[in-house]
Amino acid sequence: MMARIRIHRSGPLTTVQDRGRFGLQAFGIPTAGAADAFSFRLGNRLLGNPDGAAALEYWIMGPEVEALDAPVRVVLAGGGGSLVRADGGREPLPAWRTATLSPGERLIPGFTEGGAVGYLCVAGGVDVAPVMGSRSTYVRAALGGFRGRALASGDELPVAATAEGPERALAEVPSDGEGPFRVVLGPQDDYFDAAGIDRFFAETYAVSPQSDRMGKRLTGPALTFAPGRGADITSDGMAAGAIQVPGSGEPIVMLPDRATVGGYAKLGVVVGADISRFARLKPGAPVRFARVTVEEAEAALHAFEERLAALAAAAVTLE
Amino acid sequence: MHDGPKLKSLGEAALSIEYGEAIDPAANARVMALYAALEAARKEGALPGVVETVPTFRALAVHYDPLRIGRADLVERLTPWLDTRAGEAVAGRTWVLPACYAGDFAPDLAEVAERSGMSADAVVALHAATDYRVCILGFVPGFAYLSGVPQALRLPRRTSPRTAVPAGSVAIAGEMSGVYPLESPGGWHLIGRCPVPMFDPAAEPPVFLAPGDVVRFSPVDADAYAALRARVEAGTFDPADLLAEEAR
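Set out below in structure tokens:
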């Protein structure tokens, strides 16, 4: 049975996201997709959704939603909130705990916890029409999601509702790791001088407030270029986590809304196992990096997947 | 140019196959040949785990799922293709894009003319008399880097980029020309406006130009521009109408 959710209040950066839009980067179309895939996928798994079911991604402030037409099961991934029941009673809803909204009932997320990003996942997924194989919103080109834009008060989105069976919850707040962010060097690590690379891995950077879904700027010791080299390259392909270094020497780590190609030297790429917790970092957060090999990055990714599966499997059924 | 490309990590989920570091027609031809070959193989299922490949001027990015195929196996799979030569690439189509080189649509035309030592009419005639090649698409959806700007029109980028270049702007910088698909910041010289969208999310495909295609511009006056815009807005415009006669 189809249901809808109505947005009553939203932060400025709430968008529909799924795992992203692939196969079209050769035409300049960015992947977009959930920035914090760990939280997004775990939220979906708690609901019994496939990993790629579309959810609402929000930054700092979550959207207040009301169920319409039919019960809607929800979970907040990345910070708790509260429920307003049909009788007007309010009850807390911790993160990582499913709840079912009857028509007319509301979910009011609080601020994100443990990071800057959160997901409001719904059982069955947000059922906006896929565009080029994905429901992800790419705001700059008004592409996908709900009318290609961030959500606003009054918007109503279809949900493929499947609110059946008992509620579920994680026993504890999940973690996808800690410590330095692992980096595979390349493709332009030879544009930097060796001392500069050593310094990059020895120093602590901070996330700049000038960060968004395209990328996070870092402030800290400037990288220095090898003799005869500079920041400019002949533009080449991009990847999530790529560490681009413009002429200022201050790195920018690329996120889902990054351009498909870039013209600045890339020192390396934050590994897939660490990019979710990197994307989650708040402005001002300290950042350290550690270099790893491709093989180590592959092993880390397998471990990440196992952790995700184990966390989802450890979810408890509520009375 | 060296024979073998260099394989470089772009993280553990992508590989950059590089043919040199500079913009070079021979390198780009190798990239395009490899792109065509790998995309064909991928679509036939011969490259399991490969998600997509993205050609740029002198490198091909191969994006793959490291949970399905590790780097070592991927490199082994790709090796037989790395010798793919130009000439094996599928020939691109030829498109004729209308462009109005007049008035507010061409804010930099006078300056380009002055710096090139020609009349504005001569700049337009030269720009429109040239066959450009779609080297790559990128940075934003549907922005085609069109190589082949005649030597006389090659100017460095503007020293002060505009914060908002209107969608449809026909621009030049160095050896490249292009049409801005969306309003975006930009430092190229704006010499005209194209009435047909380079990117239409509702269309199939959303971007009609493809890497390897040929583009030439056909000057239209303001009335013809307006008529084409009206067709675009009414939804009756079909990009196939822009295919050159010989390509239909």
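For the protein sequence lines, the chains are A and B, in the order given.
Going by the working numbering, the first residue of the first sequence is number 1, and it counts up by one from there.
Going by the working numbering, the first residue of the second sequence is number 1001, and it counts up by one from there.
The beta carbon of each residue, even a glycine, is placed where N, CA and C say it ideally should be.
Taking the alpha carbon of residue i as the point to measure from, which residue in the options has its own alpha carbon closest?
i, options, result
"residue 34(A)", "272(A), 10(A), 270(A) and 17(A)", "17(A)"
"residue 1005(B)", "1093(B), 1114(B), 1014(B) and 1018(B)", "1018(B)"
"residue 243(A)", "230(A), 220(A) and 215(A)", "215(A)"
"residue 117(A)", "160(A), 57(A), 66(A) and 102(A)", "57(A)"
"residue 1181(B)", "1032(B), 1193(B) and 1189(B)", "1193(B)"
"residue 66(A)", "99(A), 276(A) and 241(A)", "99(A)"
"residue 1058(B)", "1032(B), 1052(B) and 1064(B)", "1032(B)"
"residue 305(A)", "22(A), 47(A) and 51(A)", "51(A)"
"residue 157(A)", "278(A), 15(A) and 180(A)", "15(A)"
"residue 69(A)", "153(A), 20(A), 160(A) and 121(A)", "160(A)"
"residue 241(A)", "255(A), 247(A) and 140(A)", "255(A)"
"residue 298(A)", "1007(B), 1013(B) and 1008(B)", "1013(B)"
"residue 120(A)", "97(A), 269(A), 102(A) and 129(A)", "97(A)"
"residue 1024(B)", "1136(B), 1040(B) and 1009(B)", "1136(B)"
"residue 1030(B)", "1042(B), 1227(B) and 1084(B)", "1084(B)"
"residue 123(A)", "22(A), 86(A), 169(A) and 44(A)", "44(A)"
"residue 1183(B)", "1202(B), 1225(B) and 1140(B)", "1140(B)"
Sorted by chain position, which residues of the same chain lie with C-beta nearer than 8 Å to residue i's C-beta, five sequence neighbours on each side aside?
i, result
"residue 1138(B)", "1054, 1056 and 1145"
"residue 1002(B)", "Confidence is the limiting factor: at residue 1002(B) the pLDDT is only 48, short of 50, which leaves the residue's position unreliable and the question unanswerable from this model."
"residue 64(A)", "7, 8, 9, 10, 106, 107, 108 and 109"
"residue 1186(B)", "1161, 1162, 1165, 1169, 1171 and 1180"
"residue 152(A)", "7 and 10"
"residue 1231(B)", "1237"
"residue 22(A)", "31, 133 and 134"
"residue 292(A)", "182, 183, 184, 271 and 300"
Under 9 Å Cβ-Cβ, which residues of chain B neighbour residue i?
i, result
"residue 203(A)", "Going along chain B, no residue has its Cβ under 9 Å from residue 203(A), so there is no contact; the nearest lies around 22 Å."
"residue 301(A)", "1012, 1013, 1066 and 1067"
"residue 143(A)", "1141, 1199, 1201 and 1206"
Kindly list, in the order they appear in chain E, the residues whose Cβ is closer than 8 Å to that of residue i.
i, result
"residue 2(A)", "Of the protein chains in the structure, A and B, none is chain E."
Please list, in chain order, the chain B residues whose beta carbon lies closer than 7 Å to that of residue i.
i, result
"residue 25(A)", "1052 and 1054"
"residue 199(A)", "Near residue 199(A) there are no residues of chain B at all, since even the closest Cβ is about 21 Å away, more than 7 Å."
Note down, in chain order, every chain B residue with its Cβ under 8 Å from the Cβ of residue i.
i, result
"residue 298(A)", "1012, 1066, 1070 and 1071"
"residue 239(A)", "1010, 1011, 1013, 1014, 1061 and 1063"
"residue 287(A)", "Residues of chain B passing the Cβ test: none, with the nearest at roughly 17 Å."
For residue i, which residues in the same chain have their Cβ closer than 6 Å to its Cβ, ignoring the five residues on either side in sequence?
i, result
"residue 1235(B)", "none"
"residue 330(A)", "A query on residue 330(A) cannot be resolved here, the shown segment of chain A reaching from 1 to 319 and no further."
"residue 285(A)", "207"
"residue 274(A)", "181 and 182"
"residue 36(A)", "117, 276, 279 and 280"
List the residues of chain A whose Cβ lies closer than 9 Å to the Cβ of residue i, in chain order.
i, result
"residue 1107(B)", "Simply none; closest approach about 23 Å."
"residue 1139(B)", "28, 235, 259, 260, 261, 262 and 263"
Please return the same chain residues whose Cβ sits closer than 7 Å to the Cβ of residue i, not counting the five positions on each side in sequence.
i, result
"residue 223(A)", "192, 196, 200, 245, 249, 251 and 267"
"residue 59(A)", "11, 13, 116 and 117"
"residue 1210(B)", "1092 and 1134"
"residue 112(A)", "60, 78, 79 and 118"
"residue 171(A)", "314 and 316"
"residue 1052(B)", "1063"
"residue 1241(B)", "none"
"residue 138(A)", "30, 32, 144 and 257"
"residue 82(A)", "90, 91, 92, 93 and 108"
"residue 1047(B)", "1038, 1041 and 1077"
Residues of chain A with CB under 8 Å from residue i, in chain order?
i, result
"residue 1045(B)", "Under the 8 Å cutoff, chain A gives no residues; its nearest Cβ is about 14 Å from residue 1045(B)."
"residue 1185(B)", "Ordered by position in chain A, no residue passes the 8 Å Cβ test against residue 1185(B), which lies about 11 Å from the chain."
"residue 1242(B)", "By Cβ distance, chain A contributes nothing, its closest Cβ being about 16 Å from residue 1242(B), past 8 Å."
List, in order along the chain, the chain A residues whose C-beta lies closer than 7 Å to that of residue i?
i, result
"residue 1175(B)", "What residue 1175(B) touches in chain A: nothing, since even the nearest Cβ is about 12 Å away."
Checklist entry - What beta strand (DSSP E) runs, 3 residues minimum, are completely inside the segment 101-134 of chain A? => result 106-109 and 117-122
Item to check | beta strand (DSSP E) runs contained entirely in the segment 188-247 of chain A, provided each spans 3 or more residues | outcome: 205-211, 215-219, 232-237 and 242-245
Checklist entry - Taking one C-beta from the segment 158-166 of chain A and one from the segment 189-199 of chain A each time, how about it: are there three or more such pairs within less than 8 Å? => result no
Checklist entry - Whole alpha helix (DSSP H) runs in the segment 244-299 of chain A with 4 or more residues, listed along the chain? => result The qualifying runs are 272-279.
Item to check | Segments assigned beta strand (DSSP E), at least 3 residues, entirely inside the segment 1068-1117 of chain B | outcome: 1094-1099
Item to check | Whole runs of the beta strand (DSSP E) within the segment 1169-1228 of chain B, excluding any shorter than 3 residues | outcome: DSSP runs (the beta strand (DSSP E)) wholly in the segment 1169-1228 of chain B: 1169-1173, 1176-1179, 1184-1186, 1189-1193 and 1214-1219.
Checklist entry - Does the segment 1189-1204 of chain B come close enough to the segment 1069-1089 of chain B that 3 or more CB-CB pairs lie under 8 Å? => result In short, these stretches do not touch, since the Cβ pair count stays below three.
Checklist entry - Between the segment 1060-1070 of chain B and the segment 36-47 of chain A, do at least 3 Cβ pairs fall closer than 8 Å? => result no
Item to check | Segment contact flag, the segment 202-209 of chain A with the segment 69-83 of chain A, C-beta cutoff 8 Å, min 3 pairs | outcome: no
Item to check | Contact the segment 1112-1131 of chain B vs the segment 1214-1224 of chain B: 3+ CB pairs below 8 Å | outcome: yes
Checklist entry - Can we say the segment 231-240 of chain A touches the segment 258-277 of chain A, given the rule of at least three CB pairs closer than 8 Å? => result yes
Checklist entry - Is there contact between the segment 1101-1117 of chain B and the segment 1035-1049 of chain B, where contact requires at least three CB pairs shorter than 8 Å? => result Taking one beta carbon from each stretch, the segment 1101-1117 of chain B and the segment 1035-1049 of chain B have fewer than 3 pairs nearer than 8 Å; the two do not touch.
Item to check | Segment contact, 8 Å Cβ cut-off, at least three pairs: the segment 1102-1110 of chain B with the segment 1201-1208 of chain B | outcome: no
Checklist entry - Are there three or more Cβ pairs, one per stretch, closer than 8 Å when the segment 126-145 of chain A is compared with the segment 19-34 of chain A? => result yes
Checklist entry - Which full runs of the beta strand (DSSP E) of 3+ residues lie inside the segment 157-187 of chain A, going along the chain? => result 181-185
Checklist entry - Can you list, in chain order, the stretches of the beta strand (DSSP E) that have 3 or more residues and sit fully within the segment 1119-1149 of chain B? => result 1132-1137 and 1144-1147
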